[in-house]
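At position 43 of the sequence shown (counting the first as 1) the number is 36 in the working numbering, and the numbers step up by one without a gap. In what follows, a single structure is set out as structure tokens and then discussed.
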Amino acid sequence: MAIMLSSKPAARQNGQQPGDASITTAVPSPILDRVSEITSPAIIYDLAAVTQTIQQLRQDLQMVANTALYFSVKANRNPQVLSFLADLGLGADVASMVELEAATTAGFKAICATSPGFSASEVQQFTGAGARVNCCSV
-6 MAIMLSSKPA ARQNGQQPGD ASITTAVPSP ILDRVSEITS PAIIYDLAAV TQTIQQLRQD
54 LQMVANTALY FSVKANRNPQ VLSFLADLGL GADVASMVEL EAATTAGFKA ICATSPGFSA
114 SEVQQFTGAG ARVNCCSV
């Protein structure tokens, strides 16, 4: 089960520092409000926090020419997460045909393929799909 939420990040109270707060004050209330709906193990994604992190990364990278943010599809192939990230304009980094399919289905415009050992056939498939292939070793 995956729950996608959009909430405001929790505010620190009374000068608290990271690690000082209990879980109930660190987790945004929209998440806590829905805990009773969860009937099995679940992964909860705070889309506002993800968006805020991406915005901060973009701001930090503005001073570096020719940079782009790519999400490693091997880190999470959840279709909803991938579509959300593609809609934010991130690129996708893939390492297999399965990951390439997930990235293209999610709507990523920029895709690069990175692995220490692609076959010639795989390189043709990646480039045929419009992905850039990174050569890790020559």
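Yeah, the Cβ is synthetic: ideal placement off N, Cα and C, and Gly gets one too.
Look at Tyr63 and Cys105 and say whether their C-beta atoms are less than 8 Å apart. On the sequence shown, position 70 is the one that residue 63 refers to. On the sequence shown, position 112 is the one that residue 105 refers to. Cβ atoms of Tyr63 and Cys105: closer than 8 Å.
When we look at the beta-carbon of Ala30 and count the other beta-carbons within 10 Å, is it buried (16 or more) or exposed? Numbered from its first residue, the sequence shown carries residue 30 at position 37. It should be noted that the sequence gives Glu, not Ala, for residue 30. Exposed.
Report the rounded CA-to-CA distance for Ser15 versus Leu50, giving the unit in angstroms. Counting from 1 along the sequence shown, the entry for residue 15 is found at position 22. Counting from 1 along the sequence shown, the entry for residue 50 is found at position 57. Confidence at Ser15 is low in this model, with a pLDDT of 47, below 50, so the placement of that residue should be treated as unreliable; the coordinate-derived value is given next. Rounded to the nearest angstrom, the two C-alpha atoms are 27 Å apart.
Would Leu81 pass as a contact of Thr44 if the rule is Cβ separation under 8 Å? Residue numbering aside, residue 81 sits at position 88 when the sequence shown is read from its first letter. Residue numbering aside, residue 44 sits at position 51 when the sequence shown is read from its first letter. In this structure, Thr44 lies closer than 8 Å to Leu81 by Cβ.
Alpha carbon to alpha carbon, how far is Lys67 from Cys129? As a first step, residue 67 is located in the sequence shown; it is residue number 74 there, counting from the start. As a first step, residue 129 is located in the sequence shown; it is residue number 136 there, counting from the start. When rounded, the distance between both Cα atoms is 17 Å.
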